[in-house]
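Taking it in order: structure first as structure tokens, then the write-up.
Number of protein chains: 2
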Amino acid sequence: MKDLSWDDLNLFFHVAEAGGLSGAARRTGVSAPTLGRRMLALEQQTGRSLFVRSQTGYDLTPTGAALLDRVRAMQAAARPALDLLSETSERPLLRLTAGTATAMFLADRIAMLCGPDDPYRLTLVTTEAVLDIAHREVDLGIRNRPPEGGNLASRPLGMLRFAPYRAMSVPRPELLDWVALDPAHARHPAALWVHDQGHRIGTMATSVGTVHQLVRAGAGIGVMPCMTGDTDPALARAGPIIEALTETQHLVMHDDDRHRPPLRRLIDRILRLYDENADLLAGLRPLRGAGPRAASDQLPSDPGAGSA
Amino acid sequence: MKDLSWDDLNLFFHVAEAGGLSGAARRTGVSAPTLGRRMLALEQQTGRSLFVRSQTGYDLTPTGAALLDRVRAMQAAARPALDLLSETSERPLLRLTAGTATAMFLADRIAMLCGPDDPYRLTLVTTEAVLDIAHREVDLGIRNRPPEGGNLASRPLGMLRFAPYRAMSVPRPELLDWVALDPAHARHPAALWVHDQGHRIGTMATSVGTVHQLVRAGAGIGVMPCMTGDTDPALARAGPIIEALTETQHLVMHDDDRHRPPLRRLIDRILRLYDENADLLAGLRPLRGAGPRAASDQLPSDPGAGSA
DNA sequence: AGTGAACTTTCCAAGTATGAAAGACCTCAG
DNA sequence: CTGAGGTCTTTCATACTTGGAAAGTTCACT
């Protein structure tokens, strides 16, 4: 049973995702009759039924769903290989992952990371989940601790501090409840901290972005990184820095890849970005101290800035 | 450049690993001329040279080596899918990973985990590296802490304690140096502990098994799990249990897979095995206290225990 | 109930990939 | 220096896979 073709698995993936032959035919460039035959052959070779065929399309059987799950992992593993081989013509597409707050921080300063003249393009993968750098689901990650296993390398990026924030203009700040992430969705220490403190929690949400919006709207006090709170003119600190949450961020990369010129360049950019914003990240630039320009760091408020 | 065939990547893998066409032809069942053509096509499609061809075989170019690295990851991702599809005819091959000491512990009791009547076969993957359960490099892992990310589930397996051991028969035990893992190869806390204590280290090794042998041979005192030291008649404890190293072991599995009957059964077996040996693992059965029979734990040391 | 759209499936001619055998070449041993 | 054993490459007839067009079916909407 070793003679299964990887191509058939790939086609299976597209048929399963498209929900039918014709959709998969459009996506793959392989004709529908061929797809039908290949799927049939796949089922005959394995002796398992993968699809429930109907005139409306192909539905997955339980076995088919299990296979799709595994082939998806394969699909993910295939991308690095395919990317490597397509680097000739296009600029490589580097994937950088970060949590919500960090991703926002990076997005605001994207011009410092990736411009049209750089030998790469950039995908910002925003997720609280820990993606797999060792298997190259992403090329680069910003984490709150150094990596453990795998052949991964890392560079420290500096301190990140957290503080409680509230909306700038609320009538009686001392009456505010707290806003927190739903504990079931909370993975980060900062999210759990609110619950551990026994603060009175008035509102909860399931995403970091929503918590931020709630705090802005005056729903209560929320914990967030200083870089987030201190750059939002609608927010004010509601207390001192929470030292218990202070963490050192790390840039994590695949050990084999870090010398590739495009990646090397992006790494340097990120290191510089963090270096230049070290005080903001560390909470040492509280409450819009830099004046009116702070809200738009990257906008051409000073025309002479970006000459490349 | 999306039209690369996964099959070609698979063939590339075999050609690269075999170091030539004829070797790959034997392994894949695809004829050498075809392999040669496919590799040529692969290079033409990507515009990159992957091999250095000679009469003695195919050598990889740097690009080829980088690709091989990535295709290897793909190969690993493919196995779960292929395994799933072959489950019909054969009993599935479950992969269980553990560190050296734990693997030995399991190997000594393999009869409790997997017999000819079980609906699965077992591969014991012994490595100190952390393999990837979320991506199904292995199906089951025994770890010293619960999993973090991914859709992983875990079950606690009980306490594991560590103690220092020395050879049973040494003339002057008080003169013994310590035996340690080379710090560069040490990942586990127990291996680092010896260095941190400032003990005088006489001998070092780069593998856990070698350290064990060195201790048996009288080279010095070494730290190891109680289940290892207390079941080796050639060893004696050289000090009390090191509580700082005590850890809770966890059985980690893929959340989607844990209900598959074969895996379910293996999990139950492992849980029972750990339950029945809880005192040994926790270091509560020191120094062959059970007398001469202790060296063979598999025997019914207390006849009323396992009725199965 | 009727119509239209979308899907899968069948059929067949054209194209393409395949493997056996033969050729060319290198390496190593005697 | 010569021959044996291994490698890759080329040739060529075969067998296979492929895609277009048309048929057959079902579902959804009017």
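Going down the list, the sequences are from chains D and Z.
Numbering-wise (this note's numbering), the first sequence opens with residue 1 and increments by one.
Numbering-wise (this note's numbering), the second sequence opens with residue 1 and increments by one.
Built from N, CA and C at the ideal position, the CB exists for glycine as well.
Note that the structure is predicted; figures quoted are calculated from it, not measured.
Query, Result
"Given a threshold of 16 other Cβ atoms within 10 Å of its Cβ, counted over all protein chains shown, does THR97(Z) qualify as buried or as exposed?", "buried"
"For THR46(Z), would you say it is in contact with chain D, using Cβ-to-Cβ distances shorter than 7 Å as the test?", "yes"
"So the beta strand (DSSP E) PRO164(Z) belongs to, where does it begin and stop?", "162 to 167"
"Just list the alpha helix (DSSP H) runs in the stretch 7 to 32 of chain D, keeping only unbroken ones of 4 residues or longer that don't cross its boundaries, in chain order.", "21 to 28"
"What residues from the stretch 3 to 23 of chain D come within 8 Å of chain Z, judged by C-beta to C-beta, listed N to C?", "ASP3, LEU4, SER5, TRP6, ASP7, LEU9, ASN10"
"Which of the three DSSP states is assigned to ARG121(Z) in this structure?", "strand"
"Could you please give me the residues that DSSP links to ALA153(D) through a beta bridge?", "MET253(D)"
"Please classify ARG260(D) as buried or exposed, where buried requires at least 16 neighbouring CB atoms within 10 angstroms.", "buried"
"Are LEU245(Z) and LEU157(Z) touching if we call contact CB-CB under 7 Å?", "no"
"For TYR58(Z), write down the residues that DSSP places opposite it in a beta bridge.", "ARG53(Z)"
"Which chain D residues sit within Cβ distance under 7 Å of VAL82(Z)?", "Reading off the sequence shown, one finds Leu at residue 82(Z), where the question assumed Val. Per Cβ cutoff of 7 Å: LEU4."
"DSSP on ILE110(D), reduced to helix/strand/coil?", "helix"
"Mind checking the stretch 109 to 125 of chain Z against chain D and listing, in chain order, the residues whose C-beta falls within less than 7 Å of any C-beta there?", "none"
"With three or more beta-carbon pairs closer than 8 Å as the criterion, would you say the stretch 218 to 233 of chain D touches the stretch 128 to 148 of chain D?", "no"
"Would you mind telling me which residues of chain Z sit closer than 9 Å to MET227(D), beta carbon to beta carbon, in chain order?", "Under the 9 Å cutoff, chain Z gives no residues; its nearest Cβ is about 23 Å from MET227(D)."
"Hey, would you say VAL52(Z) sits closer than 7 Å to PHE13(Z), going by beta carbons?", "no"
"To the nearest angstrom, report how far apart ALA73(D) and ALA77(Z) are at their CA atoms.", "6 Å"
"Since ARG143(D) is in the alpha helix (DSSP H), which residue starts that stretch and which ends it?", "No alpha helix (DSSP H) contains ARG143(D), which is instead part of the beta strand (DSSP E) from 140 to 143."
"Determine, for ALA184(Z), whether the minimum Cβ-Cβ distance to residues of chain D falls below 7 Å.", "no"
"In the DSSP assignment, find the unbroken alpha helix (DSSP H) run with LEU192(Z) in it and report its ends.", "189 to 196"
"In chain Z, which residues lie with their C-beta within 7 Å of the C-beta of MET74(D)?", "MET74, ALA77, ALA78, ALA81"
"I'd like to know whether the C-beta of ARG70(Z) is nearer than 7 Å to at least one C-beta of chain D.", "yes"
"Flag this pair as touching only if the stretch 176 to 194 of chain Z and the stretch 273 to 287 of chain Z have three or more C-beta atom pairs under 8 Å; answer yes or no.", "no"
"Taking 6 Å as the limit between beta carbons, can you name the residues of its chain near ARG155(D), skipping five residues before and five after?", "LEU251"
"Measure the C-alpha to C-alpha separation of ASP8(Z) and LEU40(Z) and round it to an integer number of angstroms.", "10 Å"
"Within the 7 Å Cβ cut-off, does LEU152(Z) reach chain D?", "no"
"What does the Cβ neighbour count give for THR56(Z), buried or exposed, with the cut at 16 atoms within 10 Å?", "exposed"
"Using a 10 Å radius around the Cβ and a threshold of 16 neighbouring Cβ atoms, would you call ILE110(D) buried or exposed?", "exposed"
"Could you give the distance in angstroms between the alpha-carbon of ARG38(D) and the alpha-carbon of GLN75(D)?", "18 Å"
"Run through DSSP, which three-state label would ALA236(D) get?", "strand"
"DSSP state of GLU148(Z), grouped into three classes?", "coil"
"Count the other C-beta atoms from every protein chain shown that fall within 10 angstroms of the C-beta of ALA65(D), then say buried if there are 16 or more, exposed otherwise.", "exposed"
"Within the 7 Å Cβ cut-off, does HIS342(Z) reach chain D?", "Here chain Z comprises residues numbered 1 to 308, so residue 342(Z) is not present and cannot be evaluated."
"Around the C-beta of ARG95(D), are 16 or more other C-beta atoms found within 10 angstroms, so that it is buried, or is it exposed?", "buried"
"Spell out whether any CB of chain D is found under 7 Å from the CB atom of LEU157(Z).", "no"
"I want to see whether chain Z comes within less than 7 Å of LEU96(D), judged by CB atoms only; does it?", "no"
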